[in-house]
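Shown next, in structure tokens, is the structure this report addresses.
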Amino acid sequence: MSRRNHPAPRSARAVRGVLVAGLALVALTACGEDEPDGVGEEPAAGSTSAAATASASAATSVPASASTAAEPAPAESESESVTVTAVDFELQVDEDSFSAGSYEVTLVNEGGSTHDLVIERDGEVVAAADGIDPGQSTTVTVTLEPGEYVFYCSIADHRAMGMETEIGIT
2 MSRRNHPAPR SARAVRGVLV AGLALVALTA CGEDEPDGVG EEPAAGSTSA
52 AATASASAAT SVPASASTAA EPAPAESESE SVTVTAVDFE LQVDEDSFSA
102 GSYEVTLVNE GGSTHDLVIE RDGEVVAAAD GIDPGQSTTV TVTLEPGEYV
152 FYCSIADHRA MGMETEIGIT
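In terms of our numbering, the sequence shown opens at residue 2 and continues consecutively.
Shown next, in the form of structure tokens:
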């Protein structure tokens, strides 16, 4: 009889080990990264409704994030365009005041030197366009809140030579 008692505890330990390993595998699978498009997911037998719910949730969340990512695009298309022309050592802007909002500010260099554009409010830079050579242009997008702004060229002593203009935003 003692022979039969020894195999029973060993088989119980083996079954317990298999159960622990199986539970660990289930826990790791449940905590793994979900694929947003449901690729690689196959419902297990008896868990079709849970997999369908997970797939439906993933399908619902993907379009929501896609529409969220698409929302900034209309804001960009709503930006107004402003052209700042650098001619020798002068900045020319069509108007000296604008309404608050989002703007695509294009610097066009019609002068004979390299110029850039800095947009500053209360001593803080809110936008800047890199320096461009004569005949080139560059665009920077900026949201302007109500207040007074200074547009200027920061290259060498260009600002001191008159390459600045004040713009009021209402």
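C-beta atoms are modelled at their ideal positions from N, C-alpha and C, and glycine is treated no differently. This structure is a prediction, so every number in the text was calculated from the model and none was measured.
Pull up the distance between the alpha-carbon of residue i and that of residue j, whole angstroms please.
i	j	result
VAL85	ASN110	9 Å
VAL126	SER103	16 Å
GLU105	ARG122	17 Å
THR142	LEU108	11 Å
ALA161	GLY124	16 Å
SER155	ILE170	22 Å
SER138	GLU91	16 Å
GLY136	SER82	19 Å
ASP134	HIS159	14 Å
GLU165	GLN93	9 Å
ALA157	THR140	21 Å
Of all the options the options, which has the alpha carbon lying nearest to the alpha carbon of residue i?
i	options	result
PRO147	ASP95, SER155 and ALA101	ALA101
ILE168	SER82, PHE90, ASP95 and GLU81	ASP95
PHE99	ASP117, GLN137, SER138 and SER80	SER80
GLY163	PRO135, ASP134 and ASP89	ASP89
Is residue j closer than 8 Å to residue i when the C-beta atoms are compared?
i	j	result
VAL119	TYR150	no
GLY132	THR144	no
GLY112	ALA130	no
Which stretch, first to last residue, makes up the beta strand (DSSP E) that contains residue i?
i	result
ALA128	125-133
ILE170	165-170
SER100	No beta strand (DSSP E) contains SER100, which DSSP labels as neither H nor E.
ASP152	Residue 152 is actually Phe in this sequence, not Asp. 148-153 is the span of the beta strand (DSSP E), which, as asked, contains PHE152.
SER138	138-145
GLU91	91-94
HIS159	Note, HIS159: premise wrong, no beta strand (DSSP E); not H, not E.
THR86	81-88
GLU121	116-122
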